[in-house]
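Novice: Below are the structure tokens for one structure; questions will follow.
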Amino acid sequence: MTGEQDILQHTIDQLKRIPLKEQRGPQERLHLKSLSCRVQSEKGFQELTFLQSFLLPIQKWADARLTDYHLHFAEGSKLMENAVVVAMVARRLLLEEPELREESEKRPMQAAPLTDAEQIEMYVSSSIKHAFARIIQEVEALSDTTNEHPLALLAEQTRKLLRKDTTIYLPILTLRHRIASAVSASLIHKLYGMKLKPFVDSAEHLTEDVVSVFPAADSLEQNLVAVITSTCQEGTAEAYLKKLNLYKIETISGTLVLRWVNSQLARISAWVERVIQQENWAPVSAQQRHGSSIVEVYRIVEETVDQFFALKVPMRPGELSSLFRGIDNAFQVYTKHVLDSLADKEDIIPPVPTLTRYRRESGIKAFVKKELTDPRLPEVRKSNDVNVLTTPTLCVQLNTLYYAISQLNKLEDSILERWNQKCYGHPMERSMEDNSRKSTRKDSFDGSRKDINAAIDQICEFTGTKTIFWDLREPFIDGLYKPSVAQSRLETLVEPLDLVLNQLCDIIVEPLRDRVVTGLLQASLDGLIRVILDGGPSRMFTPADAKLLEEDLEVLKEFFISGGDGLPRGVVENQVARLRQVIKLHGYETRELIEDLKSASEMEMQGGRSKLGADAKTLIRILCHRSDSEASQFLKKQYRIPKSAA
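Residues 2 to 647 (this note's numbering) make up the sequence shown, in order.
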């Protein structure tokens with residue numbers, strides 16, 4: 002037999018003319034049975050029937066070519082299709098020969114397939130093994146001339162084999178075995194897996210070889226799985242997939258990526274420590290009013306993110322979550338370092354003076370003659386720590402934290418977009434993208450956002466407190482309303498407050514302006530309350546002073562509203578409301594305050610408040626600053642409060 006197309010077609014025509022056993026008449030059966038042939042073989046002479054004598058050579062020819070169809074039918078074509086027909090017809094006729102069946106039963110291990118599907122499966126398995134062996138030889142030769150890892154080359158060549166099998170050969174073979182494609186893909190998966198396993202088992206780090214082999218192997222596996230799922234019904238595909246010993250590239254790769262991520266996050270943490278120690282809190286430029294350290298932190302974070310997505314190995318959502326958590330933690334650590342540079346509020350707010358009651362002329366004497374020891378003065382070291390925190394420094398810190406939080410959304414969006422692009426179209430893990438979106442909603446940096454916002458509030462509060470209780474301590478906390486309200490009005494503080502406010506607004510970024518100014522307003526009100534409730538023995542008030550105090554409060558309120566250019570009027574009104582009530586209490590006569598204090602003590606025991614709406618502690622403080630003998634005698638008798646020292 003020459004293999005030419007016309008001879009092969011003629012053979013098919015002749016074979017189809019041979020009737021099957023049930024189609025033969027009695028005479029024809031007897032005649033065929035009487036015909037025999039003696040053929041010499043390797044084992045000696047063999048007795049064959051007439052049909053066996055010419056069908057066996059035909060079948061042998063067809064089997065020889067179809068068991069390595071990749072080699073003999075390089076382009077597929079009609080020739081292979083006819084060879085399959087010849088093989089199937091010859092096989093069916095031979096199976097009806099009793100001698101052959103008996104011989105098969107004697108040698109069950111070498112028994113011929115009983116169905117067309119089994120015969121096709123044998124062809125597929127044999128040809129795939131031959132083709133894969135040839136690919137291995139080609140890869141060994143190629144790997145000497147390229148820098149690519151042999152397993153990566155093998156995966157690429159195997160993928161080409163799969164593509165050729167599914168496009169050229171399997172359309173012919175599936176006509177007689179509908180899941181021939183699954184047989185082919187399963188065997189290819191097994192053959193490549195045997196070569197891959199030692200490499201996968203030894204992988205411990207993301208080396209260049211791992212980065213080269215893992216994506217190629219994973220891509221091949223996805224293609225193989227796609228062939229099985231697309232050519233089989235759901236139940237059959239599931240059965241085949243269960244038999245696959247999956248490469249588990251994604252799981253192993255994920256572990257290696259996690260190791261890499263953890264090492265990079267340690268690098269980021271060390272970098273944060275370094276840059277924060279080198280930060281001098283000078284603005285980067287007139288336009289960029291934040292510190293340089295946050296720019297460096299973002300640079301190293303973005304560099305790490307770029308490297309993460311440059312890893313072309315398969316990943317799971319867990320690796321992305323780990324990256325997010327690490328970056329989130331880095332910004333939280335950075336924020337904590339900024340807060341750690343602040344002094345304690347106890348270091349800038351002087352201790353509250355001991356409560357004393359009025360003694361005639363004690364206010365004037367205390368004003369003229371200061372106490373020999375002032376317990377309010379902090380240690381020199383603490384003073385230096387506080388003095389370093391100038392208003393410009395605090396403003397740059399605030400700007401830096403605002404820059405940090407304002408860039409987080411951009412960073413988060415970029416990471417999620419790149420992740421979704423990486424996950425798009427992953428055929429084996431159809432649900433991976435949906436799961437990753439669920440696990441990476443836009444809340445990945447909520448820990449940082451919460452900490453940074455809290456830190457901004459804390460620094461705004463600290464800035465206001467330091468301004469009033471430290472920078473302006475002498476004129477405000479120590480000097481206001483001494484020796485009397487009429488002689489030392491709040492108007493004298495407007496100019497220094499205005500200087501501070503201008504300095505704040507010149508440096509602070511616009512989105513933070515109201516927050517930092519609100520901090521200054523709150524501190525100013527705290528300072529005013531401190532002066533009129535815990536002003537010490539050198540401050541005395543009369544009911545007539547209440548009107549002046551109310552006027553001063555209006556001055557302070559309008560200063561912060563600034564004709565509509567400052568804080569919203571409603572915000573300021575809400576803040577000053579707590580102070581109005583205290584000033585109002587100063588306007589009551591001593592007798593009214595004493596009576597209200599008596600009822601307040603009883604009401605507080607029952608969970609209520611006094612008629613004037615004040616608590617007992619506030620009323621006691623007002624009476625301690627009341628410059629009359631009636632208040633002094635009451636406090637001596639009821640609370641044993643000592644007289645003020647001259």
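Note that the Cβ used here is the ideal one computed from N, Cα and C, for glycine as well.
Only a predicted model underlies this, so the values are computations on that prediction, with no experimental measurement involved.
Nearest CA to the CA of ASP616: which residue from LEU192, GLY528, ALA601?
Specialist: Nearest C-alpha to ASP616: ALA601.
Novice: With DSSP as the reference, label CYS38 as helix, strand or coil.
Specialist: Note: CYS38 maps to strand in three-state DSSP.
Novice: Who are the Cβ neighbours of ALA221 in its own chain at under 7 Å, not counting the five residues just before and after it?
Specialist: Reading off the sequence, residue 221 comes out as Leu, not Ala. Cβ neighbours of LEU221 beyond the five flanking positions: ALA156, THR159, ARG160, TYR193.
Novice: State the DSSP-derived secondary structure class of ARG290, mapped to helix, strand or coil.
Specialist: ARG290 falls in the coil class under three-state DSSP.
Novice: Given LEU340, which residues of its chain have a CB within under 7 Å of its CB, disregarding the five upstream and five downstream residues?
Specialist: Counting only Cβ-Cβ distances below 7 Å, and skipping sequence neighbours, we find ALA456, GLN459.
Novice: Roughly how many whole angstroms lie between the Cα atoms of LYS561 and LYS411?
Specialist: For clarity, residue 561 is Phe in the given sequence; the question names Lys instead. If I take the Cα positions, the gap works out to 34 Å.
Novice: Please decide whether TYR241 counts as near chain C, where near means a Cβ-Cβ distance under 8 Å.
Specialist: Reference to chain C is not applicable here, since this structure consists of a single protein chain.
Novice: State the start and end residues of the unbroken alpha helix (DSSP H) segment that holds PRO512.
Specialist: Per DSSP, PRO512 belongs to no alpha helix (DSSP H) and is neither H nor E.
Novice: With distances taken between CB atoms, is the gap from LEU500 to LEU481 smaller than 8 Å?
Specialist: Taking 8 Å as the Cβ cut-off, LEU500 and LEU481 do not qualify as a contacting pair.
Novice: Looking at GLY465 and ALA524, is the spacing between their C-beta atoms short of 8 Å?
Specialist: Contact: yes.
Novice: Tell me the rounded alpha-carbon separation between ARG92 and LEU321.
Specialist: Those two C-alpha atoms are separated by around 57 Å.
Novice: I'd like the ranges of any beta strand (DSSP E) spanning at least 3 consecutive residues and lying wholly in the segment 550-637.
Specialist: Qualifying beta strand (DSSP E) stretches: none in this window.
Novice: Mapping the DSSP letters down to three states, classify PHE542 as helix, strand or coil.
Specialist: Of the three classes helix, strand and coil, the one that applies to PHE542 here is strand, per DSSP.
Novice: Can you tell which of GLN576, ALA545, SER611, ASP69 has its C-alpha closest to the C-alpha of LEU529?
Specialist: Taking only the C-alpha atoms, the option nearest LEU529 is GLN576.
Novice: Shortest alpha-carbon distance to LEU80 belongs to which of ARG419, LEU115, ILE173?
Specialist: The shortest C-alpha separation from LEU80 is found at ILE173.
Novice: To the nearest angstrom, how far is the alpha carbon of SER485 from that of ASP444?
Specialist: If you take the alpha carbons of SER485 and ASP444, they lie about 56 Å apart.
Novice: Would you grab the beta carbon distance between THR591 and ALA632 for me? Rounded to a whole angstrom, and I think it's under 8 Å.
Specialist: Their Cβ separation, rounded to whole angstroms, is 5 Å, which keeps THR591 and ALA632 in contact under 8 Å.
Novice: Should PRO151 be labelled buried (16 or more other beta-carbon atoms within 10 Å of its own) or exposed?
Specialist: Buried, since its Cβ has 16 or more Cβ neighbours within 10 Å.
Novice: In whole angstroms, what is the alpha-carbon distance linking ARG641 and THR401?
Specialist: Each residue's Cα considered, the two are about 52 Å apart.
Novice: Can you have a look at SER628 and say buried or exposed, based on whether 16 or more other CB atoms are within 10 angstroms of its CB?
Specialist: Counting Cβ neighbours within 10 Å, SER628 comes out buried, since at least 16 surround it.
Novice: Is CYS38 buried or exposed, if buried means 16 or more other CB atoms sit within 10 Å of its CB?
Specialist: Counting Cβ neighbours within 10 Å, CYS38 comes out exposed, since fewer than 16 surround it.
Novice: Note down, in chain order, each residue of its chain lying with its Cβ closer than 6 Å to the Cβ of VAL184, except the 5 sequence neighbours on either side.
Specialist: If we look at VAL184 and ignore the five residues flanking it on each side, its Cβ neighbours are GLU122, VAL125.
Novice: In terms of DSSP beta bridges, what is LYS644 paired with?
Specialist: BP columns for LYS644 point to ARG358.
Novice: Can you say whether GLU139 is buried or exposed, counting buried as having 16 or more other CB atoms within 10 angstroms of its CB?
Specialist: Its Cβ having fewer than 16 others within 10 Å, GLU139 is exposed.
Novice: For the alpha helix (DSSP H) containing THR232, list its first residue and its last residue.
Specialist: Its alpha helix (DSSP H) spans residues 209-232.
Novice: With DSSP run on the structure shown, which of helix, strand or coil describes ILE301?
Specialist: In the structure shown, ILE301 sits in a helix (DSSP, three-state: H, G or I).
Novice: Using three-state DSSP, classify GLY327 as helix, strand or coil.
Specialist: Three-state result, GLY327: helix.
Novice: Could you give the C-beta distance for ARG419 and PHE310, rounded to a whole number, given that I count them as a contact under 8 Å?
Specialist: Indeed, because the Cβ distance is near 5 Å, the residues count as touching under 8 Å.
Novice: Have a look at THR392, GLN278, SER342, SER187 and flag the residue whose alpha-carbon is nearest the alpha-carbon of GLN223.
Specialist: Ranking THR392, GLN278, SER342, SER187 by Cα distance to GLN223 puts SER187 first.
Novice: Along the chain, where does the alpha helix (DSSP H) that runs through SER342 open and close?
Specialist: Neither: SER342 is in no alpha helix (DSSP H) and is coded neither H nor E.
Novice: Could you say which of LYS313, GLN289, GLN504, ALA487 lies nearest to ASP553 if we only look at CA atoms?
Specialist: Measuring from the Cα of ASP553, the nearest candidate turns out to be ALA487.
Novice: Where do the ends of the alpha helix (DSSP H) carrying ASN400 lie?
Specialist: Residues 392-424.
Novice: Below 8 Å, can you find three or more Cβ-Cβ pairs linking the segment 562-582 to the segment 511-526?
Specialist: As far as the Cβ criterion goes, the segment 562-582 touches the segment 511-526, which means the pair count is three or higher.
Novice: Pair every Cβ in the segment 233-245 with every Cβ in the segment 269-280, then say whether three or more of these pairs are closer than 8 Å.
Specialist: No: fewer than three Cβ pairs fall under 8 Å.
Novice: Mark ILE8 as exposed unless 16 or more other C-beta atoms lie within 10 angstroms of its C-beta, in which case mark it buried.
Specialist: Burial call: exposed.
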